[in-house]
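Novice: After the structure tokens below, expect a handful of questions from me.
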């Protein structure tokens, strides 16, 4: 009998395996890492992105510690963050004449590190109120290489949301679920926008990230979603377009109770 053999499949280079995941589709103990989707006011995308990042970091940490996580919370008090931010800028003698900048984001992170930011609670009527006994603080943070797709994907897979910035044009607001956004090159009408990376995808030679926006769940909304995630407020963006390299918020004592 003649011997038979079968050819082995070609070996893919390390790091070239197709994959895809997004926090919006995940559910640990029937709760999604994303507790809520923000609806920013004016140009407050930076404050909303930072708040969402801290909230998700807290939810992931609580899940890893085996502690109960609510369906939606925690809710960072954006007004408290911005108020304390302006106090710091005033003390430093800095005026934001041209809107928020990278330095503004660092000042906002400093607020979380030094003063902490209040958490909102719901009253019996379901309205948000300031929970003065609960402060969220940030222990430390890191700048990351925006061109290292593998390293960023690994951090996201470990449950770390990442703050980032990228230019957006008029078409951004009309992005649809499943569509991959490619920022306009050298578009004078483009403005920088802050969001939170919450997933990554590699398919063949194409790489992209999933980002949590702050334009409510109407952004990239999907229909008939029945999982433990959200429906949506999360879009996708092609790699290589960061105007603000990703920032990682490290996990450490995410919430403090004041007695």
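In my numbering, the protein residues as written are 71 to 329. The C-beta atom is built at its ideal place from N, Cα and C for all residues, glycine as well. All figures in this text were calculated on a predicted structure; none of them were measured in a lab.
1) What number of angstroms, rounded off, separates the C-alpha of residue 104 from the C-alpha of residue 253?
2) According to DSSP, simplified to helix, strand and coil, what is residue 329?
3) Measure the alpha-carbon distance for residue 273 versus residue 189 and round it to whole angstroms.
4) Rounding to the nearest angstrom, what Cα-Cα distance links residue 168 and residue 138 in this structure?
5) With a threshold of 16 other CB atoms inside 10 Å of the CB of residue 373, please say whether the residue is buried or exposed.
6) Leaving out five residues on either side along the sequence, give the residues of the same chain with a beta carbon under 8 Å from the beta carbon of residue 121.
7) Would you tell me roughly how many angstroms separate the C-alpha atoms of residue 306 and residue 222, rounded to the nearest one?
8) Residue 292: which of 204, 89, 94, 88 sits nearest, CA to CA?
9) Taking residue 252 as part of the alpha helix (DSSP H), name the residues at either end of that continuous run.
10) In terms of alpha-carbon separation, which member of 89, 235, 240 lies closest to residue 213?
11) Could you compute how far the alpha carbon of residue 320 sits from the alpha carbon of residue 136?
12) When the Cα of residue 264 is compared with those of 251, 275, 256, 281, which residue comes out closest?
13) First and last residue of the beta strand (DSSP E) that includes residue 59?
14) Report yes if the C-beta distance between residue 226 and residue 260 is below 8 Å; otherwise report no.
Specialist: Let's see:
1) 25 Å
2) In this predicted model, residue 329 has a pLDDT of only 32, less than 50, meaning its place in the structure is not dependable enough to derive any value.
3) 39 Å
4) 42 Å
5) The displayed coordinates of the chain run from 71 to 329. Any statement about residue 373 would go beyond what the structure contains.
6) 108, 146, 148, 151, 187
7) Looking at the two C-alpha atoms, the distance is approximately 15 Å.
8) 94
9) First-last for residue 252: undefined, no H or E at that position.
10) 235
11) 18 Å
12) 281
13) Residue 59 lies beyond the range of the chain shown here (71 to 329); nothing can be said about it.
14) no
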